[in-house]
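Q: So in full-length UniProt numbering, the last spot in the sequence shown is 233, and the numbers never skip. Supplied in structure tokens, the structure appears directly below.
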Amino acid sequence: MLHHFVHITLELLAGFVALLIIIKFLGKSQIGELHPLDFITAIVLGELVGAAIYEPEVNVFYILYALFFWALLHFATKYITLKWNATRYYIDGSPSIVIRNGQIDKEELGKNKMDINQLQNLLRQKGVFSVKEVAYAILEPDGSCSVMKKPEYSTPTLADLKLPGKPAELPVTVVLDGEIIEDNLSLIGFDEEWLRRELACQGIKDMKEVLLAEWQRSSGLYVVQDKTKDGSF
């Protein structure tokens with residue numbers, strides 16, 4: 001039995017190294033917005049679970065051992081990259097500047113196995129519909145793209161306009177799918193009676209008519225109605 005466990009260990013180690021090399025070769029654009037190590041783990045765990053389901057001759061203890069060893073390998077790799085910065089380049093990869101000072105770097109695109117169409121797609125996902133708007137675009141190790149626009153295409157901030165800003169505040173959801181969220185209602189210092197009055201002021205007679213209700217101190221209660229339902233308190 002021992003030689004089976006040794007065999008599994010060697011196979012997983014070889015598979016880990018091989019998949020890491022393949023991902024490096026394929027480039028960041030092929031893995032989507034996933035950390036390379038997480039991408040490898042998803043592939044391997046899927047194969048292990050598939051083997052457990054579709055191959056009855058595979059011993060369950062071998063599968064459990066493989067899962068345990070892979071988890072150990074995953075956490076060990078994470079620990080190594082946290083402990084020694086030099087290893088991050090080889091395992092995590094590094095950012096690539098694909099647009100620099102408004103100019104597309106075709107060499108960097110080539111290194112990452114990416115073409116212009118793929119770059120345009122990533123830019124559109126960031127709300128940028130023309131390359132002329134971009135000062136810098138950085139392809140991150142997980143395949144996502146960070147964009148810095150040219151000043152003339154950037155939205156001015158309140159600081160740029162020298163205007164005072166308001167304190168940031170999160171909206172609090174008080175009704176979701178017709179159900180009152182009591183804890184959130186208490187958190188903002190109100191009760192159900194107050195909520196029903198506010199809804200009545202907006203012409204809503206039944207709590208089930210409310211798909212979503214959010215409250216903010218600056219703007220009050222915002223309600224999204226479920227038009228498929230009606231009724232009365």
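For glycine and all other residues, C-beta sits at the position ideal for the given N, C-alpha and C. Nothing here was measured: the structure is a model prediction, and the numbers come from that model.
So does the segment 64 to 84 actually touch the segment 99 to 119, counting three or more Cβ pairs closer than 8 Å?
A: Contact between the segment 64 to 84 and the segment 99 to 119 is absent, because fewer than three Cβ pairs lie under 8 Å.
Q: Straight-line CA distance for Y79 to G189?
A: Rounded to whole angstroms, Y79 to G189 spans 44 Å at the Cα level.
Q: Does the beta-carbon distance from V134 to V147 come in below 7 Å?
A: The answer is yes: Cβ separation under 7 Å.
Q: Anyone know if the C-beta pair for E209 and D226 falls short of 7 Å?
A: Yes, these two residues count as a Cβ contact at 7 Å.
Q: Which value, in whole angstroms, describes the spacing of the CA atoms of G220 and L211?
A: For G220 and L211, the distance between alpha carbons rounds to 17 Å.
Q: Say whether the segment 195 to 209 touches the segment 167 to 185, bearing in mind that this needs 3 or more beta-carbon pairs closer than 8 Å, one atom from each stretch.
A: Taking 8 Å as the limit for Cβ pairs, the verdict is that the segment 167 to 185 does touch the segment 195 to 209.
Q: State buried or exposed for G102, treating a residue as buried only when at least 16 other CB atoms are found within 10 Å of its CB.
A: Under this definition G102 is an exposed residue.
Q: State the CB to CB distance for the pair P95 and L123, rounded to an integer number of angstroms; the pair is presumed to be in contact (CB under 8 Å).
A: Going by Cβ atoms, the distance from P95 to L123 rounds to 16 Å, so no, they are not a contact pair.
Q: For R196 and W70, I'd like the C-alpha separation in whole angstroms.
A: Going from the Cα of R196 to the Cα of W70 covers about 54 Å.
Q: Can you tell me where the alpha helix (DSSP H) with G220 in it begins and where it stops?
A: Not the alpha helix (DSSP H): G220 falls in the beta strand (DSSP E), residues G220 to Q225.
Q: Looking only at its own chain, which residues have a Cβ that is under 6 Å from the Cβ of V172, when we skip the five neighbours before and after it?
A: Within the same chain, V172 has close Cβ partners N184, I188 and W215.
Q: State the DSSP-derived secondary structure class of Q30, mapped to helix, strand or coil.
A: Caution applies to Q30, whose pLDDT of 47 falls short of 50 and renders its modelled position unreliable; the model cannot decide the point.
Q: Count the other C-beta atoms from every protein chain shown that fall within 10 angstroms of the C-beta of I97, then say buried if there are 16 or more, exposed otherwise.
A: Exposed, by the Cβ-count rule.
Q: In the DSSP assignment, the alpha helix (DSSP H) including E169 goes from what residue to what residue?
A: No alpha helix (DSSP H) contains E169, which DSSP labels as neither H nor E.
Q: Quick one: give me the first and last residue of the alpha helix (DSSP H) that W194 is part of.
A: It spans E192 to C201 - the alpha helix (DSSP H) in which W194 sits, taken as one unbroken run.
Q: In whole angstroms, what is the alpha-carbon distance linking L82 and D142?
A: In a straight line, the C-alpha of L82 is about 17 Å away from that of D142.
Q: By Cβ distance, which residues of its chain are closer than 8 Å to I104, with the 5 residues on each side in sequence left out?
A: Cβ within range, chain order: V98, I116, L119 and V131.
Q: Out of K126, F129, L163 and K149, point me to the one whose CA is closest to Y136's CA.
A: Nearest option by C-alpha distance: K149.
Q: Please classify K145: is it buried, with 16 or more other beta-carbons within 10 angstroms of its beta-carbon, or exposed?
A: First, the residue type needs correcting, since residue 145 is Cys and not Lys in the sequence shown. Looking at its Cβ environment, which holds 16 or more other Cβ atoms inside 10 Å, C145 is buried.
Q: With a threshold of 16 other CB atoms inside 10 Å of the CB of C168, please say whether the residue is buried or exposed.
A: Before going further, note that residue 168 is Ala rather than Cys in the sequence given. A168 is exposed by the Cβ-count criterion.
Q: To the nearest angstrom, report how far apart G165 and T87 are at their CA atoms.
A: G165 and T87: Cα-Cα distance of roughly 43 Å.
Q: Would you mind working out which of K113, R100, N85 and T9 sits nearest Y65, comparing C-alpha positions?
A: Nearest option by C-alpha distance: T9.
Q: Going by Cα to Cα distance, which pick from L163, G127, L170 and K162 is closest to Y153?
A: Answer by Cα proximity: G127.
Q: Are the Cβ atoms of V223 and Q202 separated by less than 7 Å?
A: Closer than 7 Å, so yes.
Q: Closer than 6 Å: is that where the CB of E169 sits relative to any heavy atom of the ligand FAD?
A: This structure does not include the ligand FAD; it has no bound ligands of any sort.
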